[in-house]
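Chemist: Here you go, one structure.
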Amino acid sequence: MTFSIVARSEDGSHLGVAVASKFLAVGAAVPAADVAAGAIATQALANLAYRPHGLVLLRDGLDAAATVAKLTGDDEGRDDRQLGVVDTRSGASTFTGVDCVPWAGGTAGTTVNGSAYAVQGNILTGPEVVEAVITAWAASDPTRGFHHRLVDALLAGDLAGGDSRGRQSAAVFVVTPSGGYGGTNDVLVDLRVDDHPNPIPELQRLMEIRDMLFGDVELDSCLPLTGATADEVADRLAALGRTGEDVEKTLNVWADIENLEERMVPGQIDPIVLGHLRRLTGGPR
């Protein structure tokens, strides 16, 4: 009832899972990842204990194949399960129980660029779904955001047929060291579409919002908050009812309200912040 991709980036800095299903809130059940361990997708008649137990096994030094063997070997219900795992050393493994509803299967491997992946699905229109995900992943640009690459690959599988029962939910979960809000944890992206007629495009829409609010700031593109730029910012803030003698302070207060605080740079303005301000106040001058 689900198809997913579990992957490690070429340089090992990112680990994550993207998943879609005709199942309510699939993101609450399938994905797990830890920067010190690896990433896991548990699905079909999912055993949710695979997630914490698998991460412990990976953290303790087992590779992806040994982790899959241990989890499924200890589980009497394994014939109805499906599992994909990547570890931090480019290992990848997938498992499909013999009683999973067809079409069901998966493939694990490494791309020519060194990215490990495990792609699996059940109740799919056919093997072309898994093949499309793998092809899209292998062809993806390593410089593109890891979460976007995962969901792009997922969309390719959906366009190839996806879940044979239809669409309902999708999710993406990505970790990287200190990648979370304020650098206080490792969860870079944790987005879910729990119930939607076209969940993968909706997930992509949410990712664009996430990138605007929390994406990396390109310091070389930031503009000094002086002269004409400062005057424009002050005028636009005033149009939103935000005034004050200190333009930067007023901007910071507005940015906090707009959830743009992670894009604030002392003495400068991120073009993405300026673009959002312009959109709210009538567009460019």
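Residue numbers (my numbering): 1 to 285. Ideal Cβ positions, reconstructed from N, Cα and C, are used throughout, including at glycine. On a predicted model such as this, the values are computed, not experimentally measured, just so you know.
Select from Pro-31, Ser-9, Arg-242 and Ala-20 the residue whose C-alpha is nearest the C-alpha of Asp-286.
Modeler: Coverage of the chain is limited to positions 1 through 285, which leaves residue 286 absent and any answer about it impossible.
Chemist: Per DSSP, Asp-87 forms a beta bridge with which residues?
Modeler: Paired residue(s): Gly-38.
Chemist: Per DSSP, Leu-124 forms a beta bridge with which residues?
Modeler: Note: Leu-124 sits in a beta bridge opposite Asp-163.
Chemist: Look at the Cβ atom of Trp-254, then the Cβ atom of Arg-263, and state whether they are nearer than 9 Å.
Modeler: Cβ distance not < 9 Å, so Trp-254 and Arg-263 don't count as in contact.
Chemist: Using the beta-carbon count (16 or more within 10 Å), is Arg-144 buried or exposed?
Modeler: Exposed, since its Cβ has fewer than 16 Cβ neighbours within 10 Å.
Chemist: Rounded to a whole number of angstroms, what is the C-alpha to C-alpha distance between Glu-245 and Met-207?
Modeler: Going from the Cα of Glu-245 to the Cα of Met-207 covers about 35 Å.
Chemist: So, at 6 Å on beta carbons, what are the nonlocal neighbours of Ala-311 in its own chain, with the 5 sequence-adjacent residues on each side left out?
Modeler: Since the first residue shown for the chain is 1 and the last is 285, residue 311 is missing from the structure and cannot be characterised.
Chemist: In chain order, what residues of the same chain have a beta carbon less than 7 Å from the beta carbon of Asn-252, not counting five sequence neighbours either side?
Modeler: These residues qualify, in order along the chain: Met-264.
Chemist: Pop quiz: Ser-340 and Ala-18 are said to be a contact at Cβ under 8 Å. What is the actual Cβ separation, rounded to whole angstroms?
Modeler: With the chain covering 1 to 285 only, the question about residue 340 has no answer from this structure.
Chemist: If you pair each beta-carbon of the region 118–128 with each one of the region 158–166, do three or more pairs fall below 8 Å?
Modeler: Taking 8 Å as the limit for Cβ pairs, the verdict is that the region 158–166 does touch the region 118–128.
Chemist: I'd like to confirm something about Ile-123: is its beta-carbon nearer than 8 Å to some heavy atom of the ligand COA, or not?
Modeler: No copy of the ligand COA appears in this structure; indeed no ligand is present at all.
Chemist: Apart from the five residues just before and just after Asp-63, which ones in its own chain have a Cβ nearer than 6 Å to its Cβ?
Modeler: Closer than 6 Å at the Cβ level, and outside the excluded window around Asp-63, lie Asp-87 and Gly-91.
Chemist: Within the same chain, show all residues whose beta-carbon is closer than 7 Å to that of Val-68, passing over the 5 residues directly before and after it, in chain order.
Modeler: Closer than 7 Å at the Cβ level, and outside the excluded window around Val-68, lie Leu-83, Val-85, Ser-93 and Phe-95.
Chemist: Please classify Ile-200 as buried or exposed, where buried requires at least 16 neighbouring CB atoms within 10 angstroms.
Modeler: It is buried - the Cβ of Ile-200 has at least 16 other Cβ atoms within 10 Å.
Chemist: Evaluate the contact criterion for the region 47–63 versus the region 96–111: three or more CB pairs, one atom per stretch, below 8 Å.
Modeler: The region 47–63 is not in contact with the region 96–111.
Chemist: What is the DSSP secondary structure of Arg-149, counted as helix, strand or coil?
Modeler: The answer is helix: DSSP assigns Arg-149 an H, G or I state.
Chemist: Tell me, to the nearest whole angstrom, how far the beta carbon of Ala-156 is from that of Thr-125; I am working on the premise that it is less than 8 Å.
Modeler: That belief does not hold up - the Cβ atoms of Ala-156 and Thr-125 are roughly 13 Å apart, past 8 Å.
Chemist: Could you tell me the distance, in whole angstroms, from the CA atom of Gln-43 to the CA atom of Ile-257?
Modeler: Whole-angstrom Cα-Cα distance: 39 Å.
Chemist: Identify whether Val-286 lies in helix, strand or coil by the three-state DSSP scheme.
Modeler: Shown here, the chain extends from 1 to 285; a query on residue 286 therefore has no answer.
Chemist: Give me whichever residues DSSP pairs with Gly-98 in a beta bridge.
Modeler: With the sequence shown as reference, residue 98 is identified as Val, and Gly is not the correct amino acid for it. BP columns for Val-98 are empty, so no partner.
Chemist: Can you tell me whether Leu-223 is helix, strand or coil according to DSSP?
Modeler: Correct three-state label for Leu-223: strand.
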